[in-house]
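Residue numbers (the working numbering): 6 to 169.
We treat Cβ as the ideally placed atom computed from N, Cα and C, and that holds for glycine.
Report on the following structure.
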Ligand code: ADP
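Below you can see the structure in the form of C-alpha cells.
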C-alpha cells in the first residue's frame, strides 16, 4: 500500500521542531509531501520561494520526502495527490485544540477519506516555534540551535543582509 502523507504548514522558517516531526514520520509513510500553503491570509516574513528553498536544503537527506507549494483547501490537495493522511505536530494543549477543529473539518469535508495523524513533539523541541525563531533572526541573535543544521549558513547570510 502506498501511504502518502501531506505535512502542510507555513514553515516561516522551517525549524528543528518541524525537522524532527518529518524525520520521525519518514519511517511511517512511503512518501511525505511537505506542502507550503500559499493562499493563507497570514503575513509571512520570508518569501515563498525562500521558504521552499530552505526546506529543500534542510530535508535533502530524506529520499521519501518531497516539497511543494499548494493553493486552496488542504483536503482537496490531499485527494489530488492520492494522499490519505495529513501529518501535524502537537506541542501543547493549545496546538491540540486548534488542530482538533481543523482535523474534524478535513475529515468531514473529505467524507472520511482523509485521516489526520498527530505526532507529539519531542520534549526538547516543545518550546520552538517559527515565530520565536523569526524574532531571534531579525534581532541578530543566535538561532543556530533552532533550525536544521543544513540551513544555518543560508540563514546567516540572510541575517548579514539585515545588518547593512
Ligand atoms: P501553520 O501555519 O500551519 O501552523 P507551521 O509551519 O507553524 O504552520 O507548523 C506546521 C506544523 O508543524 C504544525 O502542525 C505545527 O504544530 C507543527 N510544529 C511547529 N513547530 C513544532 C515543534 N517545535 N514540534 C512539533 N511540531 C511543531
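Classify residue i: buried if its beta carbon has 16 or more other beta carbons within 10 angstroms, exposed otherwise.
i, result
"residue 60", "buried"
"residue 161", "exposed"
"residue 103", "exposed"
"residue 93", "buried"
"residue 77", "exposed"
Could you compute how far the alpha carbon of residue i sits from the alpha carbon of residue j?
i, j, result
"residue 119", "residue 81", "10 Å"
"residue 30", "residue 19", "16 Å"
"residue 79", "residue 155", "28 Å"
"residue 50", "residue 139", "8 Å"
"residue 127", "residue 39", "19 Å"
"residue 55", "residue 41", "11 Å"
"residue 166", "residue 146", "14 Å"
"residue 149", "residue 142", "9 Å"
"residue 71", "residue 34", "12 Å"
"residue 8", "residue 137", "33 Å"
"residue 112", "residue 122", "11 Å"
"residue 3", "residue 16", "The displayed coordinates of the chain run from 6 to 169. Any statement about residue 3 would go beyond what the structure contains."
"residue 74", "residue 43", "6 Å"
"residue 86", "residue 46", "24 Å"
"residue 11", "residue 83", "7 Å"
"residue 106", "residue 163", "36 Å"
"residue 91", "residue 13", "7 Å"
"residue 110", "residue 129", "30 Å"
"residue 57", "residue 64", "11 Å"
"residue 21", "residue 114", "31 Å"
On a CA-only basis, which of the options is nearest residue i? Give me that one, please.
i, options, result
"residue 37", "157, 67, 79", "67"
"residue 158", "97, 62, 13", "62"
"residue 99", "8, 28, 131", "131"
"residue 152", "145, 143, 135", "135"
"residue 88", "142, 164, 117", "117"
"residue 69", "163, 32, 24", "32"
"residue 26", "14, 124, 58, 115", "124"
"residue 24", "144, 168, 133", "133"
Do residue i and the ligand FMN come close, with the Cβ less than 7 Å from some heavy atom?
i, result
"residue 16", "Within the structure as shown, the ligand FMN is missing, the only ligands being the ligand ADP."
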